[in-house]
């Protein structure tokens, strides 16, 4: 049956692969190169998923659990206990009660002394005067070297001679007041002449050890009755085993859920994972009781959840992959047959593996290579104000392009690794010219020393055609490579919907900071916030933009042999553009220059400033400023920024993807 399913899946993959390549007439590679799945591993995991579906478990959930533990890909992974937990455990070691207990069982502040004035020649049964201070300290130290009460009771028992009473004398005539003493106890202490024991009286015995006479009596009485040392009998009923069993059941129940790491800001809660947003501790507790048919207190369940796991509850996804959502809905469709569901499940597994491969490449930071990820942050608005009118008004944008130096999986992001390029909507549009110019400045100026010492440059960005994935960006990188002819450049793009990059974490922390501020009226206020997270480079002051679009048209011919939109990876290490549509495929190199042109001929001109603010937006911004009641300084800034308006949006590519 398994071989049949694998054959069916391979047939489906081949049909899909040949259909996709029939139109473009690309060279056909082997199936294993396009879909690098180990058959034994895939068959075993797929069979386990089908068995879960036949046993009543959700097949969709089974597919979600088959993912890698990656900090960027946003894939589900099993819940695992963590040593620290979400909340700190109660530290009883430093409590006053615990300190007194330790002091009591360790003999602290006690000095062993003789507790009687008996003369050895006169009494004979108490020879305490023969013991030197060193002998007393030796007995004291041996007794308290083990602070455990049971071990100390055994030490007491070894120093006692317990026998049955042979003859009783009636000292008390009243029967009701008479105490029946059935045992006779002789007390001894050790001396320097080991193993000789020195007989002492009860008063000296308890004085040397600093214990009560009742404790000695209990040890002797229990031994006389059972011929065994007295066990631990404090604390009442023993429910620790049942309590531990219930805690283990709760741990196993929490581990049955799936979680994922946040790809945004994690510095405030390192290591925290997030379970689905439709859950809470109360629901999980109800599910546990329904599953185990045992009543367990909510406080116990919450204690395990918070102290044994570092978990939180996520928010509903707003940037989910459309293919993943489609597969989730399709797999749970009751109208599909089992065979169709299994085929959809196989396609879903393939999709997630391809998405995961991008993050595997991102995490492989080789020595001697520089790895950069870059992206555009969500537009910041000017002015930012909490009044209701702002919700219905157009506002001026402040653009932010971020470049992050990535040092590998689970690496810490330092401030020196983050470069933030900002410009205003009235200064220039948000298009490939500005993106390429900002990245060029970062490579040529900010990271020149680091890049010059490296053997290769690895770039990771999303597949936005209007910003990152176009010939303008390729032309800029080719121009940059002329400065370092031996530098290898590789540009990698993710599967659509799975483009969570290290830059997104920086943006997440910035957005958290901005959300806490009600009013921001000037760009300088944004700049001050951004400086907390990286190096801020202001357009017109720290960097300039160049017209790579026009320069590229003069040197690069129209592309008919390939489509850059289909590329998963680009190799720009030679004068030709290497392109491959799968991560494990082979590069196909294409000459993109016009006849007689060289990359050295690419000389982009300085891009002049031009506004992309329309007249309607200007009216809304000025009306909003009037409603807020800003100062003359703020009003002067907006009057100058909005002095020129345009009738069209210019060449903005911000929506192209």
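In UniProt numbering, the protein residues as written are 1 to 657.
For glycine and all other residues, C-beta sits at the position ideal for the given N, C-alpha and C.
Query: Let me know the secondary structure DSSP gives residue 124 once reduced to three states.; Result: coil
Query: With a CB to CB cut of under 6 angstroms and the five nearest residues on each side skipped, what residues in its chain are close to residue 272?; Result: 310, 312
Query: Is it a yes or a no for the region 543-555 touching the region 516-526, going by three-plus beta-carbon pairs under 8 angstroms?; Result: no
Query: So residue 348 is in the alpha helix (DSSP H); what residue range does that whole segment cover?; Result: 338-363
Query: Do three or more CB pairs link the region 362-376 to the region 439-458 at distances below 8 angstroms?; Result: yes
Query: Would you mind stating whether residue 365 and residue 408 have Cβ atoms separated by less than 8 angstroms?; Result: yes
Query: Could you spell out the range, first to last residue, of the beta strand (DSSP E) harbouring residue 577?; Result: 577-580
Query: When the Cα of residue 587 is compared with those of 570, 113, 410, which residue comes out closest?; Result: 570
Query: Check whether the Cβ atoms of residue 198 and residue 131 sit closer than 8 angstroms, and answer yes or no.; Result: yes
Query: Indicate the three-state DSSP secondary structure (helix, strand or coil) for residue 6 in the structure shown.; Result: Reliability fails at residue 6, whose pLDDT of 45 lies under 50, so the model's placement of it is uncertain and the value that follows must be treated cautiously. Helix at residue 6.
Query: Quick one: what does DSSP say residue 103 is sitting in, helix, strand or coil?; Result: helix
Query: Measuring only between beta-carbons, confirm whether residue 561 sits less than 8 angstroms from chain B.; Result: In summary, chain B is missing from the structure at hand, where a single protein chain is found.
Query: Ends of the alpha helix (DSSP H) at residue 143?; Result: 133-144
Query: What do you get for residue 223, buried or exposed, if any count of 16 or more other CB atoms within 10 angstroms of its CB means buried?; Result: buried
Query: Helix or strand or just coil, what does DSSP make of residue 671?; Result: No information on residue 671 is available, as it lies outside the stretch 1 to 657 that the chain covers here.
Query: Give a yes or no on contact between the region 112-120 and the region 282-300, applying the rule of three or more CB pairs nearer than 8 angstroms.; Result: no
Query: Less than 8 angstroms between the CB atoms is what I'm expecting for residue 535 and residue 562, so what's the real figure, rounded?; Result: The pair is not a contact, with the Cβ atoms about 37 angstroms apart (cut-off 8 angstroms).
Query: Using 8 angstroms as the threshold, is the C-beta distance between residue 208 and residue 112 below it?; Result: yes
Query: Within 10 Å of its beta-carbon, does residue 392 have 16 or more other beta-carbons around it, so buried, or fewer, so exposed?; Result: exposed
Query: If you check the beta carbons only, do residue 643 and residue 357 fall under 8 angstroms apart?; Result: no
Query: Hey, residue 614 and residue 646: beta-carbon distance below 8 angstroms or not?; Result: yes
Query: Look at residue 306 and residue 87 and say whether their C-beta atoms are less than 8 angstroms apart.; Result: yes
Query: Which class does residue 162 belong to by DSSP, given the choice of helix, strand or coil?; Result: strand
Query: Which same chain residues end up closer than 7 angstroms to residue 106 when comparing Cβ atoms and leaving out the 5 residues on each side of it in sequence?; Result: 144, 147
Query: Considering only DSSP beta bridges, list what residue 321 is partnered with.; Result: Answer is none; residue 321 lacks a bridge partner.
Query: Alpha carbons only, please: which of 330, 334, 355, 354 is nearest the one belonging to residue 343?; Result: 330
Query: Using only alpha-carbon positions, find the residue among 308, 95, 169, 397 that is nearest to residue 85.; Result: 308
Query: Using the rule of at least 16 other Cβ atoms within 10 Å of the residue's Cβ for burial, across every protein chain shown, is residue 109 buried or exposed?; Result: exposed
Query: Comparing C-alpha positions only, which one of 532, 501, 502 sits nearest to residue 514?; Result: 532
Query: Tell me where the beta strand (DSSP E) around residue 199 begins and ends.; Result: 197-200
Query: What is the residue span of the beta strand (DSSP E) that residue 260 lies within?; Result: 258-261
Query: Just mark residue 611 as buried or exposed, buried being the case when its beta carbon has 16 or more other beta carbons within 10 Å.; Result: buried
Query: Got a sec? Which residues, its chain only, sit under 6 angstroms from residue 281 by beta carbon, not counting five neighbours each side?; Result: 302, 305
Query: Could you check whether residue 249 and residue 292 sit closer than 8 angstroms to each other, using their CB atoms as the reference points?; Result: yes
Query: Can you have a look at residue 127 and say buried or exposed, based on whether 16 or more other CB atoms are within 10 angstroms of its CB?; Result: buried
Query: Find the nearest neighbour of residue 350 within the set 575, 153, 495, judged by alpha-carbon distance.; Result: 495
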